[in-house]
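Participant: Take this structure first; my questions come after.
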Amino acid sequence: MFLVTVKEVKTVSKKDKKEEKKVEPETKEEVKEEATKEKVEKEETKEPTQEEIIQGLLVQLDKAKNDVARAYADTENMKKRLQKEADTAKKYRFQQAGLEILPILDSMELALKVESEDEAIKNYVKGFEMIHKQLVGVLENEGVKPIEALNKPFDHNTMQALMQEAKEGVEPGIVIEVLQKGYMLKDRILRPALVKVSE
Numbered sequence: 445m446f447l448v449t450v451k452e453v454k455t456v457s458k459k460d461k462k463e464e465k466k467v468e469p470e471t472k473e474e475v476k477e478e479a480t481k482e483k484v485e486k487e488e489t490k491e492p493t494q495e496e497i498i499q500g501l502l503v504q505l506d507k508a509k510n511d512v513a514r515a516y517a518d519t520e521n522m523k524k525r526l527q528k529e530a531d532t533a534k535k536y537r538f539q540q541a542g543l544e545i546l547p548i549l550d551s552m553e554l555a556l557k558v559e560s561e562d563e564a565i566k567n568y569v570k571g572f573e574m575i576h577k578q579l580v581g582v583l584e585n586e587g588v589k590p591i592e593a594l595n596k597p598f599d600h601n602t603m604q605a606l607m608q609e610a611k612e613g614v615e616p617g618i619v620i621e622v623l624q625k626g627y628m629l630k631d632r633i634l635r636p637a638l639v640k641v642s643e
């Protein structure tokens, strides 16, 4: 039995040697192919001349200049846009406050129309007149002005017609009554005038 085992081992080792011999020629061919590839790569990646280097650098420089110019232009445009937005916000900063004050002003004007012979009421009316004058002054300082509508041609940009009525001696399309005053804030409409227009 022992002899048989040794023969089997020898047989196996002979097979291994044959396989190793077969592998070696393939490996040598692969090494030759790799060497050929390296030679080709070296030939393909030959060092560029100074002129080629300079041309490449000039192209990169032009691209960098264009990138800088574009970034500068974008920055300037953003700066102008932000400045314009800031100017607009500053110009119309009073818009919301003005809209909240106008109903108070309307109520005061209604109160001022009350006529009475009672001295106490006359004193209240004088006080309301003073407060009304102050409110109007504040609004004017902020650029809020009433829209002149009475006896003017109807303007759909600044007025809103609630009623139409035929009136003798008045051309059609003329404002014959202002139901609620309209106001402008600088060049914007703060609130349109509510009017009655002739037919």
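For the sequence shown, the positions run 445 to 643 when our numbering is used. Beta carbons are placed, not taken as given, at the ideal position from N, Cα and C, and that holds for glycine. The structure displayed is predicted, hence computed values, not measured ones.
Between the segment 503-518 and the segment 537-545, can you find at least three pairs of beta-carbon atoms closer than 8 Å?
Facilitator: Result no; under three Cβ-Cβ pairs closer than 8 Å.
Participant: Quick one: measure Cβ to Cβ for Val639 and Glu612, integer angstroms, because I've assumed they're closer than 8 Å.
Facilitator: No, Val639 and Glu612 are not in contact; Cβ-Cβ is about 19 Å, not under 8 Å.
Participant: So what does DSSP say about Val639, is it helix, strand or coil?
Facilitator: Residue state, collapsed to three classes: strand.
Participant: Tell me which residue opens and which closes the beta strand (DSSP E) that Lys589 is part of.
Facilitator: Note, Lys589: beta strand (DSSP E), 588-590.
Participant: What's the call for Leu606, buried or exposed, on a 16-neighbour Cβ count within 10 Å?
Facilitator: When all chains shown are included, Leu606 counts as exposed.
Participant: Taking Val582 as part of the alpha helix (DSSP H), name the residues at either end of that continuous run.
Facilitator: Here the alpha helix (DSSP H) through Val582 covers 563-585.
Participant: Name the DSSP bridge partner or partners of Arg632?
Facilitator: Beta-bridge pairing links Arg632 to Leu629.
Participant: For a quick check, are the C-beta atoms of Val582 and Tyr627 less than 8 Å apart?
Facilitator: Going by C-beta atoms, Val582 is not nearer than 8 Å to Tyr627.
Participant: Leaving out five residues on either side along the sequence, give the residues of the same chain with a beta carbon under 7 Å from the beta carbon of Leu447.
Facilitator: The predicted model places Leu447 with a pLDDT of 43, which falls under 50 and marks its position as unreliable; any figure quoted below should be read in that light. Taken in chain order, the list of residues that qualify is empty.
Participant: Look at Leu579 and Leu549 and say whether their C-beta atoms are less than 8 Å apart.
Facilitator: Yes.
Participant: Between which two residues does the alpha helix (DSSP H) holding Ala593 run?
Facilitator: From DSSP, Ala593 is part of no alpha helix (DSSP H); its letter is neither H nor E.
Participant: Closest Cβ-Cβ distance between Lys596 and chain D: below 8 Å?
Facilitator: Considering every chain present, this structure includes no chain D. It has just one protein chain.
Participant: From this set, Gly571, Ala533, Asp562, which residue's C-alpha is nearest Arg632's C-alpha?
Facilitator: Residue Ala533 is the option with its Cα nearest to Arg632.
Participant: Spatial neighbours of Pro469 within its chain, please: C-beta separation below 8 Å, excluding the five flanking residues on both sides.
Facilitator: Unreliable positioning characterises Pro469 in this predicted model, as indicated by a pLDDT of 48, which lies under 50. The coordinate reading is nonetheless provided below. If we look at Pro469 and ignore the five residues flanking it on each side, it has no Cβ neighbours.
Participant: Over what stretch of residues does the beta strand (DSSP E) that includes Glu529 continue unbroken?
Facilitator: Glu529 -> not in any beta strand (DSSP E); alpha helix (DSSP H) instead, spanning 494-535.
Participant: Looking only at its own chain, which residues have a Cβ that is under 8 Å from the Cβ of Lys630, when we skip the five neighbours before and after it?
Facilitator: Around Lys630: Lys535, Tyr536, Gly587.
Participant: Which of the three DSSP states, helix, strand or coil, is assigned to Leu623?
Facilitator: Strand at Leu623.
Participant: Determine the closest residue to Ser642 out of Asp599, Arg635, Asn585, with distance taken between C-alpha atoms.
Facilitator: The shortest Cα separation from Ser642 among Asp599, Arg635, Asn585 belongs to Asp599.
Participant: Can you give the Cα-Cα distance for Val558 and Leu546, rounded to whole angstroms?
Facilitator: Rounded to the nearest angstrom, the two C-alpha atoms are 19 Å apart.
Participant: When we look at the beta-carbon of Ala637 and count the other beta-carbons within 10 Å, is it buried (16 or more) or exposed?
Facilitator: Buried: at least 16 other Cβ atoms inside 10 Å.
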